[in-house]
Amino acid sequence: MDSEKINPTTLQPRNPPCTGRAYSPSPPKRTHAASISFTPPKRLPPAATTVRAPPAPGYYAAAPGMGHPSGYNTATPMHALQRGPTPVDCPVCGQREMTRAETHSGNTTHGWAAVLCCCFCLGCIPYLMSSLKDVDHYCGKCGVMLATWHNSGRVDVHHAVRN
Numbered sequence: 001m002d003s004e005k006i007n008p009t010t011l012q013p014r015n016p017p018c019t020g021r022a023y024s025p026s027p028p029k030r031t032h033a034a035s036i037s038f039t040p041p042k043r044l045p046p047a048a049t050t051v052r053a054p055p056a057p058g059y060y061a062a063a064p065g066m067g068h069p070s071g072y073n074t075a076t077p078m079h080a081l082q083r084g085p086t087p088v089d090c091p092v093c094g095q096r097e098m099t100r101a102e103t104h105s106g107n108t109t110h111g112w113a114a115v116l117c118c119c120f121c122l123g124c125i126p127y128l129m130s131s132l133k134d135v136d137h138y139c140g141k142c143g144v145m146l147a148t149w150h151n152s153g154r155v156d157v158h159h160a161v162r163n
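Position 19 of the sequence shown, counting from 1, maps to 19 under the UniProt record's numbering, and the rest follow consecutively.
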C-alpha cells in the first residue's frame, strides 16, 4: 500500500496561489460637467376632446353592465342557425327571442335508414335518433317558422310575411 501513495510534491494546485493583488481595470475617464448637455423631452400638445356622434336611429346602445331588454345580448343571423335553440331577431314580430327547435325526419334520416335496412335490417334506428334529423326553428314569441337546419349542414331560411 505504500507504493500506491502519491507524492504530494508532484501534484500541481488547481488554482494558482493568490498574490494578494486583485485585478482592477483602469478608472473611467471623467468628463467635465460643462461638456454634458441635457435635452428635456418634447411636450405634446394637449389632447383634443373628441365629440362622438349620437348612435343611428334603431341602434341599441346598452349602458355598461346592462344588456338587451330581452336578456340576450347577441342575436344569431338566420343563415347561421345550428341544431339547438338560439336567440334570433324575429323578422315577423321584431322581438329578440330564443327559438323553439323541433326535430323531424329529413333526407339524411331516410338515407341512413335505407343503408341500415339493406345491410343490417335495422332501418328503424335513424328514426329513433334525433342527431340524424333536421331541425325546424320557430320564433319563441309569435311561433312563426323561421328556418330549417338540415343535417347535411344547409340552412333554409323561410321568409314569413308580417300579417
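We put the CB at the ideal spot given by N, CA and C, even for glycine.
With a floor of 4 residues, list each alpha helix (DSSP H) that falls wholly inside the region 98 to 159, ordered by position along the chain.
-> List check, alpha helix (DSSP H) in window: 107 to 120 and 125 to 128.
In whole angstroms, what is the alpha-carbon distance linking Val88 and Cys118?
-> Position 88 of the sequence shown, counted from the first residue, corresponds to residue 88. Position 118 of the sequence shown, counted from the first residue, corresponds to residue 118. Roughly 41 angstroms between the two C-alpha positions.
Proximity below 7 angstroms, CB of Pro126 to CB of Ala147 = For the purposes of this step, residue 126 is identified with residue 126 of the sequence shown, where counting begins at 1. For the purposes of this step, residue 147 is identified with residue 147 of the sequence shown, where counting begins at 1. Taking 7 angstroms as the cut-off, the Cβ atoms of Pro126 and Ala147 do not count as close.
Return the CA-CA distance between His79 and Gly67, expressed in angstroms with no decimal places.
-> In the sequence shown, counting from the first residue as 1, residue 79 sits at position 79. In the sequence shown, counting from the first residue as 1, residue 67 sits at position 67. Taking the straight line from one Cα to the other gives about 24 angstroms.
Taking all protein chains shown into account, do 16 or more other C-beta atoms lie within 10 angstroms of the C-beta of Asn73, making it buried, or fewer, making it exposed?
-> Here residue 73 refers to the residue found at position 73 when the sequence shown is read from its first residue. Exposure of Asn73 is indicated by the presence of fewer than 16 other C-beta atoms within 10 angstroms of its C-beta.
If we ignore side chains and look at the alpha-carbon of each, how far apart do Cys121 and Val115 end up?
-> Taking the first residue of the sequence shown as 1, we reach residue 121 at position 121. Taking the first residue of the sequence shown as 1, we reach residue 115 at position 115. Between Cys121 and Val115, the C-alpha separation is close to 9 angstroms.
Take the Cβ of Cys124 as the centre, count every other Cβ of all protein chains shown within 10 Å, and call the residue buried at 16 or more, exposed below.
-> The residue labelled residue 124 in the question sits at position 124 within the sequence shown. Residue environment analysis places Cys124 among the exposed positions, since fewer than 16 neighbouring C-beta atoms fall within 10 angstroms of its C-beta.
Report the residue from Met129, Gly140 and Ser131 whose alpha carbon sits nearest the alpha carbon of Gln95.
-> What you label residue 95 is simply residue 95 of the sequence shown in a count that begins at 1. The candidate whose alpha carbon is nearest that of Gln95 is Gly140.
Does the beta-carbon of His137 have 16 or more other beta-carbons within 10 angstroms, so that it is buried, or is it exposed?
-> Indexing the sequence shown from 1 puts residue 137 at position 137. When all chains shown are included, His137 counts as buried.
Would Thr103 pass as a contact of Val135 if the rule is Cβ separation under 7 angstroms?
-> One-based indexing of the sequence shown puts residue 103 at position 103. One-based indexing of the sequence shown puts residue 135 at position 135. The answer is yes: Cβ separation under 7 angstroms.
State buried or exposed for Asn151, treating a residue as buried only when at least 16 other CB atoms are found within 10 Å of its CB.
-> Walking along the sequence shown from the start, residue 151 turns up at place 151. That one is buried.
For the putative contact between Arg100 and Pro85, defined by C-beta atoms under 8 angstroms, what is the C-beta separation to the nearest angstrom?
-> Start at 1 with the first residue of the sequence shown, and residue 100 comes out as number 100. Start at 1 with the first residue of the sequence shown, and residue 85 comes out as number 85. So it is a contact: roughly 7 angstroms between Cβ atoms.
Any idea which residues DSSP pairs Val88 with across the strands?
-> Residue 88 sits at position 88 when you count from the first residue of the sequence shown. Looking at the DSSP output, Val88 bridges to Glu97.
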